[in-house]
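Novice: Numbering (the numbering used here), first residue to last: 7 to 325. No residue lacks a Cβ here, since even glycine has one placed at the ideal position from N, Cα and C. The structure displayed is predicted, hence computed values, not measured ones. Please read through the structure below; I'll follow up with questions.
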Ligand SMILES: [Zn+2]
């Protein structure tokens with residue numbers, strides 16, 4: 007089922023890694039789901055992703071991603087003599103769950119990275135599921151509470167200084183939308199790839215308001231005058247800034263946010279399901295077998311044992 011990083015569904019589809027199958031899927035644009043894409047683009051009959059994932063890959067991976075074929079959620083595609091369909095995963099913009107059904111009606115589903123609530127739970131015979139937070143200690147407050155805490159934090163700090171928000175691609179754009187929806191009208195800045203990903207999200211309908219390129223003359227002036235929200239990739243968290251830092255991370259549990267130093271807050275915002283939501287997915291999917299993706303970060307072995315013990319469903323971690 008899993009060979010190296012590839013999740014193989016049915017006879018012909020490899021997801022999120024290259025395998026010698028006729029078709030390749032990229033569930034979303036994060037780097038740990040793009041393995042072997044160059045080879046897939048050369049060797050597979052077709053590589054599939056959602057339109058927004060293709061747009062993000064063109065920015066984050068390579069122009070070669072323009073060779074990807076797009077399909078929308080709920081649009082069936084023939085892959086050999088099997089049928090494939092994408093469902094929303096509510097992980098980042100464009101992220102998809104993948105269902106492959108054979109001519110006997112046998113269904114194999116791969117969640118990719120996903121987040122409940124918000125992603126539909128699809129029934130399947132075999133479920134391949136991620137387990138980034140597959141340990142009982144990984145439980146977060148409800149996301150609406152986290153949004154509320156984040157909005158309050160931004161509204162109070164923006165009166166005093168600039169705010170620098172750090173997160174992964176996709177999660178950052180989700181936060182832009184959440185803040186705009188709640189009425190935050192401060193200037194938004196982003197730079198480089200974060201700015202380009204933002205523009206892709208806007209082109210695909212996200213409501214982000216105006217976001218200024220931090221490298222432009224206008225961006226530099228906004229930075230000088232302060233009172234803006236500057237969105238950046240998590241990898242820049244260690245930099246020195248004038249203002250307050252907000253780090254969006256799934257590894258903050260129990261409380262919505264925490265002040266971890268004089269100028270830095272850590273907000274419990276994840277694009278993944280927490281432990282309880284992972285377990286709820288498995289229960290409602292009603293699979294005969296669960297294969298837990300153990301090739302990426304997380305608690306693959308542990309989550310498989312929790313499924314067996316708590317739900318009495320056959321579960322293995324692979325590879
Ligand atoms: Zn991801």
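(1) By DSSP, does residue 118 sit in helix, in strand, or in coil?
(2) Which same chain residues end up closer than 6 Å to residue 102 when comparing Cβ atoms and leaving out the 5 residues on each side of it in sequence?
(3) In the DSSP assignment, what residue or residues form a beta bridge with residue 106?
(4) Quick one: does the C-beta of residue 97 sit closer than 7 Å to a heavy atom of ligand 1?
(5) Residue 275 by DSSP, collapsed to three states: which one?
(6) If you count every other CB in all the chains shown that lies within 10 Å of the CB of residue 244, and 16 or more means buried, which is it?
(7) Name all residues in chain order for which at least one heavy atom of ligand 1 lies closer than 5 Å to the residue's CB.
(8) Give the C-beta separation of residue 164 and residue 233 to the nearest angstrom, bearing in mind that I take them to be a contact with Cβ-Cβ under 8 Å.
(9) Could you pull out every residue in the same chain whose Cβ sits closer than 7 Å to the Cβ of residue 249, ignoring the five residues on either side in sequence?
(10) Does the region 142–154 touch the region 215–222, meaning 3 or more C-beta pairs lie closer than 8 Å?
(11) Please report how far the alpha carbon of residue 109 lies from the alpha carbon of residue 89, in whole angstroms.
(12) Closer than 7 Å by C-beta to residue 15: which residues in its own chain qualify, once you throw out the five before and the five after it? Chain order, please.
(13) Output the boundary residues of the beta strand (DSSP E) element that contains residue 265.
(14) My output table needs one value for residue 228: the three-state DSSP class, helix, strand or coil.
(15) In the DSSP assignment, find the alpha helix (DSSP H) that holds residue 174 and state where it starts and stops.
(16) Give the secondary structure of residue 146 by DSSP, where H, G and I count as helix, E and B as strand, and everything else as coil.
(17) For residue 126, which option in 79, 143, 141 has the closest C-alpha, if you only look at C-alpha atoms?
(18) With distance defined between alpha-carbon atoms, name the residue in 280, 18, 251 nearest to residue 123.
Specialist: For this structure:
(1) Residue state, collapsed to three classes: coil.
(2) Scanning its chain for C-beta atoms nearer than 6 Å, with the 5 sequence neighbours on each side dropped, one finds around residue 102 the residues 33, 56, 92, 95, in chain order.
(3) 90, 114.
(4) Residue 97: yes, Cβ under 7 Å from ligand 1.
(5) Collapsing the DSSP output to three states places residue 275 in coil.
(6) With fewer than 16 Cβ atoms within 10 Å of its Cβ, residue 244 is classed as exposed.
(7) Those residues are 36, 119, given in chain order.
(8) Taking 8 Å as the upper bound for CB-CB distance, residue 164 and residue 233 are in contact here, some 6 Å apart.
(9) The answer, listed in chain order, is 167, 168, 169, 170.
(10) Too few Cβ pairs lie closer than 8 Å, so no.
(11) So the two alpha carbons sit approximately 8 Å from each other.
(12) Only residues of its own chain outside the window of five on either side were considered, and among them 21, 104, 106, 114, 116 have a CB closer than 7 Å to the CB of residue 15, listed in chain order.
(13) Start and end: 263–267.
(14) Three-state result, residue 228: helix.
(15) In the DSSP annotation of this structure, residue 174 is not part of any alpha helix (DSSP H), being labelled neither H nor E.
(16) Three-state result, residue 146: coil.
(17) When each option's Cα is compared against that of residue 126, the closest is 79.
(18) Ranking 280, 18, 251 by Cα distance to residue 123 puts 280 first.
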